[in-house]
Amino acid sequence: MMTALDFSFLNWNVVSNFILKGLIFSTELTLVAMLGGIAIGTALALMRLSGIKWLVMPAAFYVNTLRSIPLVMVILWFFLLIPLLIGRPMGAELSAIITFTIFEAAYYSEIMRAGIQSVPKGQVYAGYAVGMTYKQCMQLIVLPQAFRNMLPVLLTQTIVLFQDTSLVYAIGAYDLLKGFEVAGKNFNRPVETYLTAAVVYFIICFSLSMLVRQLQKKIAIIR
Amino acid sequence: MGKWDWQVFLQDTGGGRNYLEWLMSAWGWTLSVAILSLVVALIVGSLMGILRTTPSKLLVTIGECWTELFRNIPLLVQIFLWYHVIPSIFLVLRGLPSIILVVFALGFFTSARISEQVKAGIQALPKGQRYAGLAMGLTLPQTYRYVLLPMAFRIVIPPLTSESMNIVKNSSVAFAVSIAELTMFAMQAQEETSRGIEIYLAVTGLYFISAFAINRVAMFIEHRVRVPGMIGGGK
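Residue numbers (our numbering), protein chains in the order written: chain E, 1 to 223; chain Z, 224 to 458.
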């Protein structure tokens, strides 16, 4: 026994009024958290590999703590703490952007650490031997190769990040999923909108992961 | 920010119990959801992972489709699908308690990741082992049962451990369909008491403890089943 599904209400007007806004926010959140996360993550990875105790310890603490707390709890923590720290309320969207950047940095940092470690040590010694400073060594020799080696993994993590952005549901930010939900409530068609949401997420994530697979084949360094 | 007020946990919730009792019952729900989902995920994920390594094109395709389907839809959306969509399409499922639906959602979502790892574990074995099994006259299922899987599962214990810890963390998404687990408790108790920091600290601590406990159990299993002379095993 099945009830009939009716998708006829999903026309362009509904899409542009409800869903597009959410899609734009989800995309924005993903891109900001990716760029910010990779930047902070790379810094954290360099700290952890520096061998200097007072740099290694805080970086390890940061990464391990965030990686062992559920993302939903992290989102709730920041939504609670940021207003207490800055002394005024903050919108759910901005709070989500800050949270995701800081949270994803922990995951990107582990990827970058593996990437940096994948560069043979001899290259660093070679850099020092020709008189390069630490900064030059990292900037000109190690990091470009680390990024290249880890690009597919970084992008795969970004797809996971895009999926995780749906969790801003916990603080009521208006993302892609929320857009579908609001549309479903307005037209009293929640079943159809949730199904469509699943299809849309699937198409986006599946095509992105296919692209990553193509890229992986293309950029693999032949050793 | 004011002073700590841990006595908030002794306040009455208005339902005949205090917040500490509610917290403990929420922890029970989190662990139940996580452990039941882990059972579903291990069974389905192993099956799909095995299918993807068989010589049959059809079985490989089934395994691949399953994995791609459940890996590319966000967990929260999958939970909504199980909770809102599936019971209204298949009316027989209407009466199911929501925890069962969440267990299937989280279990199937995780099964996609476990299938990847089991597949990688089987493929990590030298091809000769499969051929040797078949050449000895074992059937394909026997080859899997007695030759390939005993080693493959030992290889994948470390990634399965981190997946088991992930499942505890991911069980927090069940808040969205009002399962009375830790995150749901955190949100409601925070609203009712306005002692968010104490409440969140307690909940976060329990997540830490749960994930750590699962990690220890997995390490124990890894230690017990290791094969001397293989994959970092004993002497």
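C-beta: ideal position from N, C-alpha, C; glycine also.
Between the segment 329–339 of chain Z and the segment 380–387 of chain Z, the count of C-beta pairs closer than 8 Å reaches three or more; the two stretches touch. The straight-line gap separating the alpha-carbon atoms of Gly318/Z and Gly179/E is approximately 29 Å. Under the three-state reduction of DSSP, Asn188/E is assigned to coil, being neither helix nor strand. Contact annotation, Leu405/Z with Trp245/Z: C-beta distance approximately 10 Å; criterion of less than 8 Å not satisfied. If you draw a straight line from the Cα of Phe100/E to the Cα of Ile203/E, it is about 23 Å long. Per DSSP, Asn295/Z has no beta-bridge partner at all.
Ser26/E is positioned such that its CB atom lies closer than 8 Å to that of Phe162/E. Sequence-distant Cβ neighbours of Ser109/E in its own chain, meaning closer than 6 Å and more than five residues away, are Gly41, Leu44, Ala45, Val63. Among the residues of chain E, those whose CB is under 7 Å from the CB of Phe303/Z are Tyr194, following chain order. Contacts with chain E at 8 Å (Cβ-Cβ) include Leu299/Z.
When Cβ-Cβ separations below 8 Å define contact, Gly428/Z makes no contact with chain E. If you draw a straight line from the Cα of Leu5/E to the Cα of Ala96/E, it is about 34 Å long. Inter-residue distance for Val315/Z and Ile402/Z is about 21 Å (C-alpha atoms, whole angstroms). For the alpha helix (DSSP H) assignment, the uninterrupted runs of no fewer than 4 residues enclosed by the segment 70–142 of chain E are, from N- to C-terminal side, 71–86, 92–117, 121–129. For the segment 387–409 of chain Z, the set of positions with a beta-carbon nearer than 9 Å to some beta-carbon of chain E reads Met388, Val391, Lys392, Asn393, Ser394, Ser395, Val396, Phe398, Ala399, Leu405, Thr406, Ala409 in chain order. Taken in chain order, the unbroken stretches of alpha helix (DSSP H) that lie wholly in the segment 155–221 of chain E and span 4 residues or more are 176–186, 190–219.
Contact of Pro190/E with chain Z by beta-carbon distance below 7 Å involves His307. CA-CA distance, Asn17/E to Glu192/E, rounds to 17 Å. Across the set Val267/Z, Ala347/Z, Ile378/Z, the C-alpha of Val267/Z shows the shortest separation from the C-alpha of Leu329/Z. Setting aside the 5 residues that flank it on each side, Leu261/Z is surrounded in the same chain by Ser387, Ile390, each with a C-beta closer than 7 Å to its C-beta; the list follows chain order.
Chain order gives the chain E residues near Gly419/Z as Leu80, where near means a beta carbon separation below 7 Å. Ranking Arg439/Z, Val325/Z, Asp228/Z, Asn438/Z by CA distance to the CA of Ile302/Z puts Val325/Z first.
The Cβ of Gln163/E sits closer than 8 Å to at least one Cβ of chain Z. Burial check for Leu233/Z: the Cβ neighbour count within 10 Å stays below 16, so the residue is exposed. Using a Cβ-Cβ cut-off of 7 Å, Met90/E is close to nothing in chain Z; its nearest Cβ partner there is about 15 Å away.
At a cut-off of 8 Å between beta carbons, Met73/E contacts chain Z. Per DSSP, reduced to three states, the secondary structure at Asn389/Z is helical.
Taking 8 Å as the threshold, the shortest C-beta distance from Phe103/E to chain Z does not fall below it. Note on geometry: alpha-carbon atoms of Ala441/Z and Gln157/E lie some 25 Å from one another. Residue burial annotation: Gly419/Z is buried, with at least 16 other C-beta atoms found within 10 angstroms of its C-beta.
Look at Asn438/Z here: in three-state DSSP terms it is helix. Close to chain Z, meaning a Cβ-Cβ distance shorter than 9 Å, is no residue of the segment 125–148 of chain E at all. From the listed residues Leu424/Z, Arg447/Z, Thr277/Z, the smallest Cα separation to Leu363/Z is found for Thr277/Z. Interface residue (Cβ-Cβ distance to chain Z less than 8 Å): Ala173/E is not classified as such. In this chain, the alpha helix (DSSP H) harbouring Gly330/Z covers 321–346.
The shortest CA-to-CA distance from Leu208/E to any of Asn295/Z, Thr284/Z, Gln230/Z, Cys288/Z is the one to Asn295/Z.
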